[in-house]
Amino acid sequence: MSESRRPPFVVLGVTGGIAAYKAVEICRLLVDAGVHVAPVLTKDAAQFITPLTFSALASEPAQTELYNGVSPIPHTRLGQAADLILVAPATANLLGRLALGLADDLLTNTLLASRAQVVVAPAMHTEMWEQQSVQENIETLRARGVRIVGPAIGRLAGGDEGAGRMEDPSVIVEAVLTMLHGADNSTLTGRRIVISAGGTREAIDPVRVITNRSSGKQGHALAEVAMERGAEVTLVTSSSLGIQGKGSGSLSVVKVESAAQMHDAMLQESKDADIVIMAAAVADFRPVLTHGTKVKKDSGHLEVTFEPTEDILAALVNQRGSEQVIVGFAAETDNVLENARKKLAKKGCDLLVVNDVSAEATGFEHDTNEVVIIESNGNEMSIPMSSKRTIAGAILDSVVRSMKPSSGESKT
580 MSESRRPPFV
590 VLGVTGGIAA
600 YKAVEICRLL
610 VDAGVHVAPV
620 LTKDAAQFIT
630 PLTFSALASE
640 PAQTELYNGV
650 SPIPHTRLGQ
660 AADLILVAPA
670 TANLLGRLAL
680 GLADDLLTNT
690 LLASRAQVVV
700 APAMHTEMWE
710 QQSVQENIET
720 LRARGVRIVG
730 PAIGRLAGGD
740 EGAGRMEDPS
750 VIVEAVLTML
760 HGADNSTLTG
770 RRIVISAGGT
780 REAIDPVRVI
790 TNRSSGKQGH
800 ALAEVAMERG
810 AEVTLVTSSS
820 LGIQGKGSGS
830 LSVVKVESAA
840 QMHDAMLQES
850 KDADIVIMAA
860 AVADFRPVLT
870 HGTKVKKDSG
880 HLEVTFEPTE
890 DILAALVNQR
900 GSEQVIVGFA
910 AETDNVLENA
920 RKKLAKKGCD
930 LLVVNDVSAE
940 ATGFEHDTNE
950 VVIIESNGNE
960 MSIPMSSKRT
970 IAGAILDSVV
980 RSMKPSSGES
990 KT
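For the sequence shown, the numbering used here assigns the number 580 to the initial residue and increments by one for each residue that follows.
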């Protein structure tokens with residue numbers, strides 16, 4: 580019997596700023612990811628959003644008081660229990676007090692009474708963020724090992740734009756989960772990864788196409804995270820989405836449109852790849868006849884006969900190298916796991932990522948997803964509703980675990 584393990588314990592500190600409302604989403608995402616969340620709100624935070632909101636979503640009731648609470652020494656209990664303390668939003672005031680080691684409320688006392696990892700997500704107006712004193716405090720905290728996430732550049736509470744906007748909740752949560760689970764951002768250094776993304780488009784005539792609802796977001800998220808972990812990434816995509824990732828890896832993009840184009844590009848690019856991930860939603864059928872000119876509506880009717888497209892995943896498995904890891908995807912609407920297990924056995928890939936695209940807020944066009952990763956050895960791992968970047972990290976973690984140790988020199 581496997582040993583029972585407690586979930587990671589995160590103290591979520593919320594300070595007084597308009598971005599406090601975004602901390603509710605952070606709380607929800609962390610709980611959905613299996614984290615025990617203990618919210619601590621400052622008095623100023625409670626001016627923007629009520630503790631009751633966090634109590635309803637978190638793993639335990641929100642706390643605001645150093646004294647007169649349920650526990651006589653709440654900061655000690657929280658500080659010692661915490662695996663990580665996240666402050667989001669972190670105001671200029673909180674950053675200054677933390678840098679100076681001041682403890683004058685429950686949140687700052689908890690921060691000082693803990694040896695846990697600390698993550699702060701600054702949020703303030705541009706002029707405040709750029710103040711020399713604030714930047715000196717940031718450098719002090721960074722030198723002490725505090726992880727700074729953001730801020731982003733965008734629209735601010737005053738209606739103008741600039742640096743100081745709190746980073747997106749999904750980005751903050753990904754940083755927290757990465758720290759909690761000890762992901763190594765160099766695990767893919769020197770590895771060559773080919774990833775497909777987007778939905779293919781099959782032409783009926785020069786105007787009309789047959790396609791699907793795939794946006795390419797999951798495939799692009801995989802490319803971003805793989806690049807950040809040091810991989811040499813080739814992204815074969817039909818999507819117009821950009822790539823936001825940074826890191827020690829590299830990225831080249833191959834644009835395609837049809838299933839036939841994606842088939843040819845994937846087989847060519849994958850020949851010397853270490854890892855191949857078929858995240859694209861490839862059309863299963865295409866028109867037998869593609870009209871050279873637009874079919875006019877006054878022609879009366881348009882009859883389209885379809886034929887199957889190439890099975891790209893099967894072709895990749897057939898040409899694979901001995902140590903190449905191949906990942907397939909399955910978008911299902913019924914008998915999800917049963918159909919996915921059959922597909923994995925039929926295709927012969929190493930991992931299969933399946934999701935129920937009929938479920939709310941998952942799959943096509945959404946920024947979030949909920950998947951099950953099935954390994955060829957029968958192991959299955961469920962990833963609860965998370966950002967697609969978090970899902971990408973979990974998939975790449977599974978890929979790394981399935982890779983064979985190098986028998987010779989490391990790749991460069």
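The C-beta atom is built at its ideal place from N, Cα and C for all residues, glycine as well.
These numbers come from a predicted model, not from an experiment.
Among the options, the one whose alpha carbon lies nearest that of residue i
| i | options | result |
| --- | --- | --- |
| G1003 | V933, A617, Y646, T947 | Past the edges of the chain, shown from 580 to 991, lies residue 1003, and the structure says nothing about it. |
| L720 | I789, A838, V697, V755 | V697 |
| K926 | Q714, A722, E746, M857 | M857 |
| S819 | G795, D890, A893, V593 | G795 |
| R656 | L686, V786, V833, T670 | L686 |
| M841 | I774, H880, T705 | I774 |
| G592 | A669, M982, I732 | A669 |
| S634 | P653, H654, R607, Q626 | R607 |
| H704 | I717, R734, E718 | R734 |
| I717 | Y600, G743, L674 | L674 |
| V755 | V699, V951, D843, Q626 | V699 |
| A692 | A782, P653, E639 | P653 |
| A625 | Y600, Y646, H870 | Y600 |
| G871 | E889, G809, D784 | D784 |
Residue burial classification, residue i (beta-carbon count within 10 angstroms, cutoff 16)
| i | result |
| --- | --- |
| A598 | buried |
| R770 | buried |
| I751 | buried |
| K875 | exposed |
| F885 | exposed |
| N934 | buried |
| L631 | exposed |
| R732 | It is Ile, not Arg, that sits at residue 732 in the sequence shown. With fewer than 16 Cβ atoms within 10 Å of its Cβ, I732 is classed as exposed. |
| T912 | exposed |
| P651 | exposed |
| Q797 | buried |
| Q642 | buried |
| R786 | For the record, residue 786 in the displayed sequence is Val; it is not Arg. Under this definition V786 is an exposed residue. |
| L881 | exposed |
| D684 | buried |
Contact check, residue i vs residue j, beta carbons under 8 Å
| i | j | result |
| --- | --- | --- |
| A637 | L663 | no |
| V788 | I854 | no |
| V589 | L679 | no |
| R968 | S749 | yes |
| T689 | V614 | no |
| V833 | V815 | yes |
| L975 | L681 | no |
| E836 | S849 | no |
| V861 | A838 | yes |
| M758 | A667 | no |
| V951 | M960 | yes |
| A971 | I962 | no |
N-terminal and C-terminal residue of the beta strand (DSSP E) that residue i is part of
| i | result |
| --- | --- |
| M857 | 854-857 |
| G613 | Neither: G613 is in no beta strand (DSSP E) and is coded neither H nor E. |
| S977 | Run containing S977: none in the beta strand (DSSP E); it sits in the alpha helix (DSSP H), 967-981. |
| S829 | 829-834 |
| R744 | 740-744 |
| E633 | Here residue 633 turns out to be Phe, not Glu, going by the sequence shown. F633 -> not in any beta strand (DSSP E); alpha helix (DSSP H) instead, spanning 630-636. |
| S775 | 771-776 |
| N948 | 947-954 |
| A692 | Where A692 is concerned, there is no enclosing beta strand (DSSP E), given that its DSSP letter is neither H nor E. |
| A731 | 731-734 |
| T816 | 811-816 |
Residue i - containing alpha helix (DSSP H), residue span
| i | result |
| --- | --- |
| P701 | It is not in any alpha helix (DSSP H) - P701 instead sits in the beta strand (DSSP E) that spans 696-701. |
| P653 | 653-660 |
| D843 | 838-848 |
| N672 | 671-679 |
| G798 | 796-807 |
| L930 | Element bounds for L930: not the alpha helix (DSSP H) but the beta strand (DSSP E), 930-935. |
| E750 | In the sequence on display, residue 750 carries Val and not Glu. Taken as a continuous stretch (DSSP letters only), the alpha helix (DSSP H) holding V750 covers 748-760. |
Short CB-CB distance (under 8 Å) between residue i and chain B
| i | result |
| --- | --- |
| T872 | Judged by its chain identifiers, the structure shown contains no chain B, having just a single protein chain. |
Stretch-stretch touch, CB-based, cutoff 8 Å, three pairs: the region 861-876 with the region 915-935: no
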